[in-house]
Amino acid sequence: MKLKALVIDDSGVMRKMVMKGLTEAKLAEFEFVEAEDGQIALDKLKADEIDIAFVDWNMPNMTGVEFVKEVRKLEKRNCDDAIPLVMVTSEKTMGKVQEALDEAGADGFISKPFTVEEMQVKLKKHTDKAQIIRSRKNRAKQGATTPPEATGGWLGKMFG
Amino acid sequence: MSNSAINTDALPPAIIDAVQASLEKTYAAFFSEKPVLGANGQDRHTGPCIAGIISFLGDAPWSLAWILSQETAPMLAQKFAGFEIPFDSPDMGDVAGELVNVIAGEIVAQLEKRRIKAVMSLPTIARGSPLQLVPESGPSIVHLEYTSREGTFWLRLASAKGRSACMPGKQ
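Read top to bottom, the protein sequences are chains L and B.
According to the working numbering, the first sequence is numbered sequentially starting from 793.
According to the working numbering, the second sequence is numbered sequentially starting from 15.
Dropping the structure here:
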C-alpha cells in the first residue's frame with residue numbers, strides 16, 4: 793500500500809536527502825509531497841490526503857513545532873485520526889525532544905545527520921501506524937461508495 | 015590585575031571547545047573521518063568560497079561561519095547529499111546552510127552540557143571571491159583551519175562585542 797508522505801524542510805537538498813533515505817529504508821512505498829515551511833505544509837495537508845509527515849524544526853514563516861501543534865489542533869477539531877508526525881531536525885537537546893514529543897504532539901524524533909539504518913529502526917512503528925490508518929480510511933471510503941447490495945455483509949442482507 | 019586587562023571581546027574558551035568537539039563529531043557522522051585542525055588560526059581562504067552562517071543568542075551572543083572553498087564544497091556536498099552539486103548552483107547554498115545548521119544543533123547540545131545556554135538562528139549563506147566576512151581579525155574573531163580528505167575548510171567564530179562578561183561564573 794502506497795503512503796503519501798509530506799516532507800517539510802526549507803532546504804531543497806535536505807528534502808531530497810530525506811526522500812532518498814526513506815526510499816532506501818524500504819519501510820513502505822511512498823508518494824512524496826514537498827513543502828518549504830510549516831505554513832505551506834499545512835495548506836498541502838488540508839488539500840491532500842497525507843498519511844505521514846517528516847518535519848524539520850527550524851523553518852521560516854511557521855516552524856516545525858508550530859506545524860505539529862496546528863495539525864493536532866485540527867485533527868481534534870475534526871475528530872480525525874492523528875497521523876504520524878516525525879521531527880527530522882538538527883535540534884538534539886533533551887529539552888527540544890521533550891518540547892516536540894510531549895508538548896507539541898509529535899510521534900517521533902530523528903536527528904540530523906541520520907543514516908538509512910537509523911531510519912529503519914526509528915521510523916518503522918510510525919510507517920506501520922500510517923499504514924493502519926490508511927487501510928481504515930480506504931475501508932471507510934469503500935463502505936461509503938459501495939452499494940449496500942454489493943457489500944455481502946449485514947447491510948447487503950438487509951437491503952439486498 | 016587592572017580591569018583593562020580583561021578582554022570582554024574575546025570568545026569564551028568553552029565555546030571554542032564546544033565548536034571543535036561538535037565539528038569533529040558531526041564531520042565523523044557525515045564523512046566517516048576526523049578532520050585535522052591546523053596549527054595556526056590564520057584566515058587563508060583566498061579564492062571563491064561559500065559560507066553557511068548561524069548566530070547564537072543566550073549567555074554569550076556569537077556567530078559561526080563554516081567556510082568552504084570552490085574545491086572543497088563540491089566534494090563535501092557529494093558525500094553529504096549523495097548526489098553531485100555544482101559549486102555555483104543554488105543547491106550548494108542549501109548544503110552550506112544545512113551543514114552549519116547540523117553542527118549548530120550539536121554545538122547547542124555541547125554548550126548545554128557545559129551549562130551555557132544558546133539558541134540558534136536560521137542559517138544564512140554568503141558567497142565571495144575572495145569571501146570577506148568583517149571584521150576579518152581582532153580579539154573577537156577566532157579562525158580554525160581544518161584539513162580532511164575532501165580538502166581544506168575554515169570555521170570563523172565571532173563574538174558579539176563586549177558581551178562575554180555575561181558568561182556564567184564571570185563577574
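Even glycine gets a Cβ: it sits at the ideal position worked out from N, Cα and C.
Quiz item: What does L:PRO905 reach in chain B if we use C-beta pairs closer than 9 Å?
Solution: Taking the first sequence and counting its residues from 1, the one referred to as residue 905 of chain L is at position 113. Listed along the chain, the chain B residues whose CB falls inside 9 Å of the CB of L:PRO905 are THR40, ALA43, PHE44, PHE94 and VAL116.
Quiz item: Helix or strand or just coil, what does DSSP make of L:ALA874?
Solution: Within the first sequence, residue 874 of chain L is the residue found at index 82, counting from 1. Here L:ALA874 carries a coil assignment [DSSP, helix/strand/coil].
Exercise. Look up B:HIS157 in the DSSP assignment and give the residues it is bridged to.
Key: Along the second sequence, one-based indexing puts residue 157 of chain B at 143. B:HIS157 pairs with B:ARG170.
Self-check item: Span of the beta strand (DSSP E), counted from its first residue to its last, around L:MET811
Solution: To locate residue 811 of chain L, count along the first sequence from 1; it is residue 19. In the DSSP assignment, L:MET811 falls outside any beta strand (DSSP E) and lies within the alpha helix (DSSP H) extending over 804 to 817.
Quiz item: Can you find a C-beta in chain B that's less than 9 Å from the C-beta of L:ASP900?
Solution: For this step, residue 900 of chain L is matched to residue 108 along the first sequence. Reading the sequence as shown, one finds Gly at residue 900 of chain L and not Asp. Output row for L:GLY900: interface = no.
Quiz prompt | Beta-carbon proximity of B:VAL208 to B:ALA87, cut-off 9 Å | solution = The displayed coordinates of chain B run from 15 to 185. Any statement about residue 208 of chain B would go beyond what the structure contains.
Practice problem: Could you name each continuous alpha helix (DSSP H) segment of 4 residues or more that falls completely within the stretch 829 to 870 of chain L, going from the start of the chain to the end? | Solution: Look at the stretch 829 to 870 of chain L and you find these whole runs of alpha helix (DSSP H), each 4 residues long or longer: 830 to 839 and 856 to 870.
Quiz item: In terms of residues, what are the limits of the alpha helix (DSSP H) holding L:VAL825?
Solution: Position 33 of the first sequence, counted from the first residue, corresponds to residue 825 of chain L. Segment 821 to 827 is the beta strand (DSSP E) holding L:VAL825; no alpha helix (DSSP H) there.
Quiz item: Exposed or buried, what is L:ASN870 when buried is set at 16 or more other beta-carbons lying within 10 Å of its beta-carbon?
Solution: Counting from one through the first sequence, the residue named residue 870 of chain L turns up at place 78. Flag for L:ASN870 reads exposed.
Quiz item: Using a Cβ-Cβ cut-off of 6 Å (strictly less than) and excluding sequence neighbours within five positions of B:ALA132, which residues of its own chain qualify?
Solution: Here residue 132 of chain B is taken as the residue at index 118 of the second sequence, counted from 1. Taken in chain order, the residues that qualify are PHE70, GLY72, VAL122 and LEU125.
Self-check item: C-beta neighbour in chain L for B:PHE97, strict 9 Å
Solution: Sequence index remark: in the second sequence, residue 97 of chain B carries index 83 (1-based). Chain L places a beta carbon closer than 9 Å to that of B:PHE97, counting this residue as a contact.
Quiz item: Closest Cβ-Cβ distance between B:VAL1 and chain L: below 9 Å?
Solution: Beyond the ends of chain B as shown, which are 15 and 185, falls residue 1 of chain B; an answer cannot be given.
Quiz prompt | Beta-carbon spacing of L:SER803, B:GLU112 below 9 Å | solution = The count along the first sequence starts at 1 and reaches residue 803 of chain L at position 11. The count along the second sequence starts at 1 and reaches residue 112 of chain B at position 98. With respect to B:GLU112, L:SER803 sits close: the two C-beta atoms are nearer than 9 Å.
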